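Structure first, commentary second.
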Amino acid sequence: MRFPFAPLAAPLAAPLVAAVLLASASVSLAATELKFAHAAPDTDLQQALAEHFADEVAKRTDGEVTVKIFPHGQLGNDQQMISGTRSGIVDIVMSGLNNVDGLMPQVGGLLLPYIFTSREHAYKVLDGEVGQSLLADFEDFGMKGLGFPENGYRNITNSRGPIREPEDVRGLNIRTNNSAALNEMFALLGANPQPLPVSELYTALETGVVDAQEHPIPITHSFHYDEVQDYLSMTEHSYSMLFIAMNLKKFNALTPEQQQVIVDVAQEATAYQRQMSIDKEASILADLKERGMEINTDVDKAAFQAAVASTWDSYKAKFGDDMITKILAAQ
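Heads up: the sequence shown is residues -30 to -1, 1 to 301, going by mature numbering (1 follows the signal peptide of the UniProt record, and there is no 0).
Here it is, written out as structure tokens:
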């Protein structure tokens, strides 16, 4: 039996296949994948923020913008990730605000010991005039500032004994970050501050290169510093914030609608992560205690504050008192 229309199938199929392939290619070309890098393990609240951000961006852009997360310093240490974001090798970075101290030295006012009286005080400053001004300043360095998630209050861990008074810190070889104020603080207390990348800290504690460190409790927990430290003292000597920033050229290449999604979701993810930090603090401390850490809260914070008050004077001498005045006014 003959089928007279059969010969037409092949000629008709070719344009149809080509059209399908062209449509698929257009969808592929339209999709944008963003690389989101941070230094924390994938068990940390920073990863929870990144996952929330990625899910919401993909959902609200109908898959036109997707986010691939690189935790635990997979794309380099903090300074390398920030440099990569400025150059466009990395699209989005989340890091401690202290890591842009060299670019924007005015942020040092936010890192001064005991300058924030509470989390709520910090949130008010970071979400208000001071924080918005700093987010705008990121553009001078090729980045779009997106928000200030929480790292939390910094506390001291060590292998020598509980920290209750300033004198208890004397002689400790303590790992610090690159904050000028915190390094000055520990020098004033008679410790030996040693700035080290967080990626090197566990080994440094394990081998005795340093015998103490100071981080917010989620970092102590997620990096398993309890395995190489015996004591956690709730000094709460400095509130530590993170920042999220995106490569500015990559941000500007998005459509206005996509840009708004990025901005909105970053703010929502920041609020989400801050609340998680508050909600999980008690359970994290309980888990650290169960793992074997001795935790003490009987810290004479007034004595510590008096002992390190000159760090504020050092900042004022370099940068004036405008930042400090604004922070204190927000109480």
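For each residue, glycine too, the CB sits at the ideal point set by N, CA and C. These numbers come from a predicted model, not from an experiment.
Which residues mark the beginning and the end of the alpha helix (DSSP H) in which residue i is found?
i	result
residue 184	Element bounds for residue 184: not the alpha helix (DSSP H) but the beta strand (DSSP E), 182 to 186.
residue 54	48 to 57
residue 145	That residue, residue 145, is in no alpha helix (DSSP H); its beta strand (DSSP E) goes 143 to 146.
residue 101	99 to 107
residue 298	292 to 299
residue 158	150 to 158
residue 26	15 to 30
residue 139	From DSSP, residue 139 is part of no alpha helix (DSSP H); its letter is neither H nor E.
Which residues bound the beta strand (DSSP E) around residue i?
i	result
residue 65	62 to 66
residue 285	Here residue 285 belongs to no beta strand (DSSP E); instead the alpha helix (DSSP H) covers 280 to 289.
residue 210	201 to 217
residue 39	35 to 40
residue 133	Element bounds for residue 133: n/a, residue is neither H nor E.
residue 162	162 to 165
residue 116	113 to 117
Are the CB atoms of residue j and residue i within a distance shorter than 7 Å?
i	j	result
residue 40	residue 10	no
residue 240	residue 117	yes
residue 267	residue 211	no
residue 13	residue 192	yes
residue 269	residue 27	no
residue 389	residue 244	Examination of residue 389 is not possible in this model, given that the chain is present from -30 through 301 alone.
residue 84	residue 230	no
residue 198	residue 143	no
residue 94	residue 300	yes
residue 22	residue 124	no
residue 71	residue 63	no
residue 148	residue 167	no
residue 37	residue 18	no
Throw me the rounded Cβ distance for the residue i and residue j pair, which I believe falls under 8 Å.
i	j	result
residue 128	residue 186	Between residue 186 and residue 128 the Cβ distance is about 16 Å, and since that is not below 8 Å, they are no contact.
residue 35	residue 224	7 Å
residue 190	residue 81	Not quite, the Cβ-Cβ distance comes to about 19 Å (not below 8 Å), so this is no contact.
residue 306	residue 253	Residue numbering for the chain in the displayed model covers -30 to 301; residue 306 lies beyond these limits and cannot be assessed.
residue 73	residue 111	5 Å
residue 136	residue 264	With a Cβ gap of about 20 Å, residue 136 and residue 264 do not count as contacting.
residue 289	residue 75	7 Å
residue 100	residue 296	5 Å
residue 46	residue 219	Not really, about 20 Å apart at Cβ, beyond 8 Å.
residue 69	residue 49	6 Å
From the DSSP output, read off the bridge partner residues of residue i.
i	result
residue 127	183, 202
residue 75	The partner list for residue 75 (beta bridge, DSSP) is empty, contrary to what the question assumes.
residue 264	201
residue 4	37
residue 122	210
Examine chain D for any beta-carbon lying closer than 7 Å to the beta-carbon of residue i, and answer yes or no.
i	result
residue 204	Protein chain content of the structure displayed is limited to a single chain, and chain D is not contained in it.
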